[in-house]
Amino acid sequence: MEISPIEDLKIIPDIVQPYPDPSVGREGVIVIDNGSFNCRAGWMLKEKPALVFRNILAKPRKDRNKKDIEVATVPVTQIGNDIVNIEALRLQLRTQFDRNVVTHYNVQEQIFDYIFTKLGINSENSVPHKVMITECLFNPNYCRSLMSELLFECYDIPGLSYGVDSLLSFHSNQRGKSGLIIATGYHTTHVVPVLNGRMVVENIRRINIGGSHMIAFLHRCLQLKYTFHLNAITLSRSEVLLHKYGEFAYDYMEALQNWACLTYYNQNVKKIQLPYNQTTAAPALTTEQKFEKKKELSKRLAEINARRREERLAQDEELLMQLQQLEESAEDGENIRDGLVEHSIKDVGELKRMIATVNSRIEKARQKMNAPCAGGSQSQLQADSDKLLQPPPNMSVVEWVEETRRKRDAIIEKRQARRQRKQDLAKRRTAAAQERMRIISHLARKEKGSDDFGMRDEDWDVYKQISREEDSDNENDSERLVEYDIILKQYDSTYEDPLLTMSGNAAELYQLHVGVERIRAPEILFQPSIIGSYEAGLAETIDFVLKLFPAEQRGCLVNNIFLTGGCAKIRGLKDRLSREMREMLPFESRFEIEVAREPVLDAWNGASKFCLTETFRQSLITRPMYEECGGEYLKEHVHGNVYFPTPKDCGDQLTG
Numbered sequence: 001m002e003i004s005p006i007e008d009l010k011i012i013p014d015i016v017q018p019y020p021d022p023s024v025g026r027e028g029v030i031v032i033d034n035g036s037f038n039c040r041a042g043w044m045l046k047e048k049p050a051l052v053f054r055n056i057l058a059k060p061r062k063d064r065n066k067k068d069i070e071v072a073t074v075p076v077t078q079i080g081n082d083i084v085n086i087e088a089l090r091l092q093l094r095t096q097f098d099r100n101v102v103t104h105y106n107v108q109e110q111i112f113d114y115i116f117t118k119l120g121i122n123s124e125n126s127v128p129h130k131v132m133i134t135e136c137l138f139n140p141n142y143c144r145s146l147m148s149e150l151l152f153e154c155y156d157i158p159g160l161s162y163g164v165d166s167l168l169s170f171h172s173n174q175r176g177k178s179g180l181i182i183a184t185g186y187h188t189t190h191v192v193p194v195l196n197g198r199m200v201v202e203n204i205r206r207i208n209i210g211g212s213h214m215i216a217f218l219h220r221c222l223q224l225k226y227t228f229h230l231n232a233i234t235l236s237r238s239e240v241l242l243h244k245y246g247e248f249a250y251d252y253m254e255a256l257q258n259w260a261c262l263t264y265y266n267q268n269v270k271k272i273q274l275p276y277n278q279t280t281a282a283p284a285l286t287t288e289q290k291f292e293k294k295k296e297l298s299k300r301l302a303e304i305n306a307r308r309r310e311e312r313l314a315q316d317e318e319l320l321m322q323l324q325q326l327e328e329s330a331e332d333g334e335n336i337r338d339g340l341v342e343h344s345i346k347d348v349g350e351l352k353r354m355i356a357t358v359n360s361r362i363e364k365a366r367q368k369m370n371a372p373c374a375g376g377s378q379s380q381l382q383a384d385s386d387k388l389l390q391p392p393p394n395m396s397v398v399e400w401v402e403e404t405r406r407k408r409d410a411i412i413e414k415r416q417a418r419r420q421r422k423q424d425l426a427k428r429r430t431a432a433a434q435e436r437m438r439i440i441s442h443l444a445r446k447e448k449g450s451d452d453f454g455m456r457d458e459d460w461d462v463y464k465q466i467s468r469e470e471d472s473d474n475e476n477d478s479e480r481l482v483e484y485d486i487i488l489k490q491y492d493s494t495y496e497d498p499l500l501t502m503s504g505n506a507a508e509l510y511q512l513h514v515g516v517e518r519i520r521a522p523e524i525l526f527q528p529s530i531i532g533s534y535e536a537g538l539a540e541t542i543d544f545v546l547k548l549f550p551a552e553q554r555g556c557l558v559n560n561i562f563l564t565g566g567c568a569k570i571r572g573l574k575d576r577l578s579r580e581m582r583e584m585l586p587f588e589s590r591f592e593i594e595v596a597r598e599p600v601l602d603a604w605n606g607a608s609k610f611c612l613t614e615t616f617r618q619s620l621i622t623r624p625m626y627e628e629c630g631g632e633y634l635k636e637h638v639h640g641n642v643y644f645p646t647p648k649d650c651g652d653q654l655t656g
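Read left to right, the sequence shown gives residues 1 to 656 (full-length UniProt numbering).
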């Protein structure tokens, strides 16, 4: 299976274009496709826009630790392609859009400044060029008036015309005068019927699902699937994964069943490699070097354990001295209540029992430290090590290795259980915490009777059940694990060092398997209920719109279904929609579905072509018209919105 590296967005800052452009001249029209995801701007007559950038800006926060001189060297506001790393400034990103409607005109003004600056316009206090700009379907008059006011009052443009991106794309592809436009946007999707060159405004329907919802859904699915890589799975990377690997399923339920099959999954899953820091493997060691290394490690662990025992012995000796002083003070008749409370002792009898216990503990520790295996000569240690690495006389090597492996696995399981127990004890209302409280309560109840706790060695086992540290057990387990690793590494050819195994699988640990998510994310366009939306899907909306027309007009619409917008680039949309249309139309009905040549750029291309027509000149709103009719005034044309004047009462309320 091929593994593909994750692709991050590579953003190149825009350069300032030469002005005036010789191929356009000073009378050229500036064409702006003001999309809620990308903004495309350039001169008419050009094959492609000069600027294509994310329609966002970022205003980094001021670092108080830096001096004002240092801060001045950093751009205060970054716009469009000046934001090289979007994820680094994700929390500071701002857009002028609320869904697909422009509402924040202070941001829009800065976007216009960026566009006109990058186009090289250097005239003072004005932009001496007509502007053709796109707006959303049924843009509110109030929003249009603010846009017109911004362009006429702030930039003093000579003329302005508005168009709708989906209609301009329809015009750019020369799809005739009648058809059904499916405009898939970043925030919304529109179903637009067009008859005889005019859109039927009363039958247009909108779905509040778009590319942003698909990206966010894919992003969340991958984060829930790979919680360890939460920070590595960003919205920008999810966007790349959606456009590169996402696809619409021809039959979604059948596709889900296919993905449940392991063979199909292995054949179709996309493995994506996340970046990671690869550790360089150490050179291979010989058997003698490995043995010496393990023996040195064993010796070092023994020294550490011996030092810990010495520290505990010193603590016990100090405690014994304090307890003996309390005992002497009690024999002299002095008041030792404060001393007993300090050591959590209730009476003199318990004090004597504790002295005996500490004495016994000190004696055992000294015996262990004076034993040959702990403090003997180097030759004795070497002899013990050699003896350790030999199988017992009554057991074969194979049986000895198997038993050693079982003991090692048992210790590992024991340590995991102990670690889990520590985590449970740290939490309230867990079974381990309740068991701890039960044992303590049981000990407290026993104090009412004969208080002989501690006289027997097994009495002290209760502290192993309620202790959170269990240092002695950890010591013994660590020593035995080192011994077992040495034995297995020397005698077991199948033994693998856990550290080496972990480093070998590091790349696999940083891989994303994009499987069923490839079809789940785009599917929300047809099934919005997947993300909790109560709206109808695209197929149901198309069916609803078609039923609003008589049979003859319905035939004109289905014979020219046109897909445009960014989501139209996702694979499988045409085939999926063909299946849905075949199900909703009568038997053997004919229909035709076409995808825009360039779903993302065709709106700008259509606007650029429209600027060459006489209709564009007639649809221009000039400065005198703006001053006479107001900012909301719109000249209608076949590629734009229909103008519905605001009632006078509503206008007075808005201005008041």
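Glycine included, C-beta positions come from ideal geometry on N, C-alpha and C.
Own chain, CB closer than 8 Å to residue i, minus 5 neighbours either side, in chain order
{"i": "residue 126", "result": "155, 156 and 157"}
{"i": "residue 346", "result": "340"}
{"i": "residue 411", "result": "477, 480, 481 and 484"}
{"i": "residue 244", "result": "7"}
{"i": "residue 107", "result": "57, 94, 95 and 96"}
Rounded separation between residue i and residue j - CA only
{"i": "residue 572", "j": "residue 578", "result": "10 Å"}
{"i": "residue 322", "j": "residue 403", "result": "47 Å"}
{"i": "residue 358", "j": "residue 367", "result": "14 Å"}
{"i": "residue 241", "j": "residue 247", "result": "11 Å"}
{"i": "residue 120", "j": "residue 110", "result": "16 Å"}
{"i": "residue 114", "j": "residue 79", "result": "7 Å"}
{"i": "residue 526", "j": "residue 415", "result": "51 Å"}
{"i": "residue 506", "j": "residue 226", "result": "15 Å"}
{"i": "residue 153", "j": "residue 20", "result": "23 Å"}
{"i": "residue 187", "j": "residue 209", "result": "6 Å"}
{"i": "residue 148", "j": "residue 104", "result": "14 Å"}
{"i": "residue 271", "j": "residue 407", "result": "38 Å"}
{"i": "residue 5", "j": "residue 275", "result": "8 Å"}
{"i": "residue 320", "j": "residue 288", "result": "47 Å"}
{"i": "residue 268", "j": "residue 184", "result": "27 Å"}
{"i": "residue 38", "j": "residue 224", "result": "28 Å"}
{"i": "residue 605", "j": "residue 204", "result": "24 Å"}
{"i": "residue 469", "j": "residue 511", "result": "For residue 469, the predicted model reports a pLDDT of 45, less than 50, meaning its position is unreliable; a value from the coordinates is still stated below. Computed Cα separation, rounded: 36 Å."}
{"i": "residue 257", "j": "residue 586", "result": "29 Å"}
{"i": "residue 392", "j": "residue 492", "result": "16 Å"}
{"i": "residue 13", "j": "residue 535", "result": "39 Å"}
{"i": "residue 273", "j": "residue 11", "result": "21 Å"}
{"i": "residue 175", "j": "residue 574", "result": "16 Å"}
6 Å Cβ shell around residue i - same chain, five flanking residues per side excluded
{"i": "residue 615", "result": "637"}
{"i": "residue 570", "result": "246 and 522"}
{"i": "residue 7", "result": "240"}
{"i": "residue 557", "result": "180 and 193"}
Other residues of its chain near residue i: CB distance less than 7 Å, five sequence neighbours each side excluded
{"i": "residue 448", "result": "Model confidence at residue 448 stands at a pLDDT of 49, short of 50, so the residue's coordinates are unreliable and nothing is read from them."}
{"i": "residue 239", "result": "215"}
{"i": "residue 177", "result": "196 and 197"}
{"i": "residue 623", "result": "152 and 158"}
{"i": "residue 23", "result": "45"}
Inter-residue CB distance, residue i and residue j (contact presumed, cutoff 8 Å)
{"i": "residue 255", "j": "residue 15", "result": "Not a contact, Cβ separation roughly 45 Å."}
{"i": "residue 56", "j": "residue 93", "result": "5 Å"}
{"i": "residue 626", "j": "residue 634", "result": "Not confirmed; about 11 Å, so no contact."}
{"i": "residue 591", "j": "residue 561", "result": "6 Å"}
{"i": "residue 52", "j": "residue 61", "result": "Incorrect: roughly 28 Å between the Cβ atoms, too far for contact."}
{"i": "residue 136", "j": "residue 100", "result": "4 Å"}
{"i": "residue 29", "j": "residue 42", "result": "With 8 Å as the limit, residue 29 and residue 42 do not qualify as a contact, their Cβ atoms being about 10 Å apart."}
May I ask you to verify whether the stretch 231-249 touches the stretch 76-95, counting CB pairs closer than 8 Å and requiring at least 3? Counting Cβ pairs under 8 Å, three or more are found: they touch.
Restricting to runs no shorter than 4 residues, where is the alpha helix (DSSP H) found entirely within the stretch 231-297? Correct list: 235-245, 252-259 and 262-268.
Scan the stretch 542-630 and note each continuous alpha helix (DSSP H) run of 4 residues or more that stays entirely inside, going in chain order. 551-558, 573-584, 602-610, 614-619 and 623-629, all fully within the stretch 542-630.
Would the stretch 312-331 count as touching the stretch 41-50 if we require 3 or more Cβ pairs under 8 Å? Contact fails: fewer than three Cβ-Cβ distances are below 8 Å.
Output the residue ranges of the alpha helix (DSSP H) runs that lie fully inside the stretch 125-186 and measure 4 residues or longer, sorted by chain position. Listed in chain order, they are 141-149 and 165-172.
Is there contact between the stretch 215-229 and the stretch 541-553, where contact requires at least three CB pairs shorter than 8 Å? With the rule of 3 Cβ pairs closer than 8 Å, the stretch 215-229 does not count as touching the stretch 541-553.
Evaluate contact between the stretch 181-198 and the stretch 482-492, counting only Cβ atoms and requiring at least three cross-stretch pairs below 8 Å. Result no; under three Cβ-Cβ pairs closer than 8 Å.
Counting pairs of Cβ atoms below 8 Å between the stretch 579-595 and the stretch 610-629, do you hit three or more? Cβ pair count under 8 Å is below three, so no.
Please give the ranges of any alpha helix (DSSP H) in the stretch 307-380, keeping only runs that are unbroken, at least 4 residues long and fully inside the region. Qualifying alpha helix (DSSP H) stretches, in chain order: 337-342, 348-369 and 372-375.
Does the stretch 138-147 come into contact with the stretch 178-185, if we say contact requires no fewer than three beta-carbon pairs (one atom in each stretch) closer than 8 Å? No, the stretch 138-147 is not in contact with the stretch 178-185.
Whole alpha helix (DSSP H) runs in the stretch 30-55 with 4 or more residues, listed along the chain? Here no run is fully enclosed.
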